[in-house]
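Some notes on the structure that comes next.
There are 2 protein chains.
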Amino acid sequence: MAMKPAARAARSRYEARARIAKALAHSSRLMILEALERRPMCVCELTDLVGADQSTVSKHLALLKQAGLVEDRRDGVMVFYSVKVCCLKGFWECIEGVLSENLKAQQAVLR
Amino acid sequence: MAMKPAARAARSRYEARARIAKALAHSSRLMILEALERRPMCVCELTDLVGADQSTVSKHLALLKQAGLVEDRRDGVMVFYSVKVCCLKGFWECIEGVLSENLKAQQAVLR
DNA sequence: TGGCCATATGGCTATTATACCATATAATGA
DNA sequence: TCATTATATGGTATAATAGCCATATGGCCA
């Protein structure tokens with residue numbers, strides 16, 4: 016049976032959201048994002064930071080860019096990436112909130 | 016070469032965060048979370064909502080529970096799930112913020 | 001122009017995620 | 001106890017992701 020139009024619209028809204036969440040769902044990308052929140056950095060610097068192959072980091076950056084989370088600006092030979100959105104604070108708070116609640120729950124079990 | 020202790024600690028913090036983000040990175044799970052923010056629901060109800068196999072929904076719920084995002088309570092034959100953390104609002108705001116900025120950027124290109 | 005540096009992309013493999021089906025488990029009531 | 005209903009789990013096929021290597025691309029300077 017075909018999905019009703021309203022259900023289909025709701026589904027695609029969740030899919031759009033999930034695409035953003037997926038971009039945030041990798042430790043290297045989280046590391047990159049937090050570094051870029053301090054200041055723009057070139058790929059080489061981020062490659063050092065992450066400690067993976069340059070091509071791997073480049074692909075992570077392409078993915079973050081595709082999600083609209085970062086933007087790039089070429090300066091000579093180097094490409095500098097910077098955070099594009101100003102609303103990641105809520106995300107970090109959410110994540111840290113969950114982690115601290117999980118920790119509390121775990122401690123309650125041990126006690 | 017071995018990673019320095021500080022770098023290792025930072026990495027594992029990002030991995031913990033990424034585990035939470037991964038749990039949020041699927042449209043069905045986002046749909047489930049938003050539904051559960053309104054009220055607790057049993058698996059059967061969520062199965063109808065999501066429109067996937069019952070076993071699939073059950074696995075999504077197990078994953079959300081494992082991440083510490085929801086909790087379950089058995090009531091007779093049924094199991095009711097509810098949102099455990101109170102900090103998802105920041106997440107939704109973050110996601111919607113990104114989506115609306117992406118939309119703005121897209122419109123600017125067309126103009 | 002030719003060589004060099006930084007970055008991006010294609011190709012491949014290994015791992016992980018997702019879905020469904022079949023079936024196990026748990027609780028209830030006849 | 002047995003059948004029934006709700007949920008969870010194991011198996012398995014397929015798709016998506018992530019990593020590295022090799023190489024292409026783009027810009028700079030001799």
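Just so you know, the protein sequences line up as chains A and B, in that order.
The first sequence begins at 16 in the numbering used here and counts up by one.
The second sequence begins at 16 in the numbering used here and counts up by one.
Think of the CB as a built atom: it goes at the ideal place given N, C-alpha and C, for glycine as much as any other residue.
Please read all numbers here as calculations on a predicted model, not as lab measurements.
Just to confirm, is the Cβ distance from residue i to residue j under 9 Å?
| i | j | result |
| --- | --- | --- |
| VAL94/A | GLY83/B | no |
| SER43/B | VAL72/B | yes |
| ALA36/B | ALA33/A | no |
| LEU61/A | LEU51/A | yes |
| GLU116/A | LYS99/B | yes |
Take residue i and list the residues in its own chain whose beta-carbon comes closer than 7 Å to its own, dropping the five residues that flank it on each side.
| i | result |
| --- | --- |
| CYS57/B | MET93, VAL94 and PHE95 |
| TRP107/A | none |
| ASP68/B | none |
| PRO20/B | none |
Spatial neighbours of residue i within its chain, please: CB distance less than 8 Å, with the 5 preceding and 5 following residues excluded, ordered by chain position.
| i | result |
| --- | --- |
| LYS80/B | GLU86, ASP87 and TYR96 |
| PRO55/A | ARG88, PHE95, TYR96 and SER97 |
Pick from the options: whose alpha carbon is nearest that of residue i?
| i | options | result |
| --- | --- | --- |
| MET110/A | ARG53/B, LEU125/B, SER115/B and LEU103/B | The residue asked about is misnamed: residue 110/A is Ile in this sequence, not Met. Ranking ARG53/B, LEU125/B, SER115/B and LEU103/B by Cα distance to ILE110/A puts LEU103/B first. |
| VAL65/A | ALA67/B, SER115/B, ARG126/B and GLU30/B | GLU30/B |
| ALA38/A | ALA25/A, ASP68/A, ARG53/A and LEU78/A | LEU78/A |
| ALA131/A | GLN121/B, PRO55/B, PRO20/B and GLU49/B | No statement about residue 131/A is possible, as the shown extent of chain A runs from 16 to 126 and does not include it. |
Within 10 angstroms of the Cβ of residue i, are there 16 or more other Cβ atoms? Answer buried if so, exposed if not.
| i | result |
| --- | --- |
| LYS119/B | exposed |
| LEU125/B | exposed |
| ALA123/A | exposed |
| GLY91/A | exposed |
Considering only residues of the same chain and omitting the five flanking positions on each side of residue i, which have a CB-CB separation below 6 Å?
| i | result |
| --- | --- |
| ALA47/A | The sequence given here places Ile at residue 47/A; Ala does not occur at that position. Only LEU61 meet the Cβ criterion. |
| LEU76/A | TYR96 |
If you measure beta-carbon to beta-carbon, which residues of the region 38-54 of chain B are closer than 9 Å to chain A? ALA38, LEU39, ALA40, HIS41, SER42, SER43, ARG44, LEU45, MET46 and GLU49
Between the region 76-99 of chain B and chain A, which residues of the former have a C-beta closer than 8 Å to a C-beta of the latter? ALA82, GLY83, LEU84 and LYS99
Relative to chain B, which residues along the region 103-123 of chain A have a C-beta separation below 7 Å, given in chain order? LEU103, GLY105, PHE106, GLU108, CYS109, ILE110, GLY112, VAL113, LEU114, GLU116, ASN117 and ALA120
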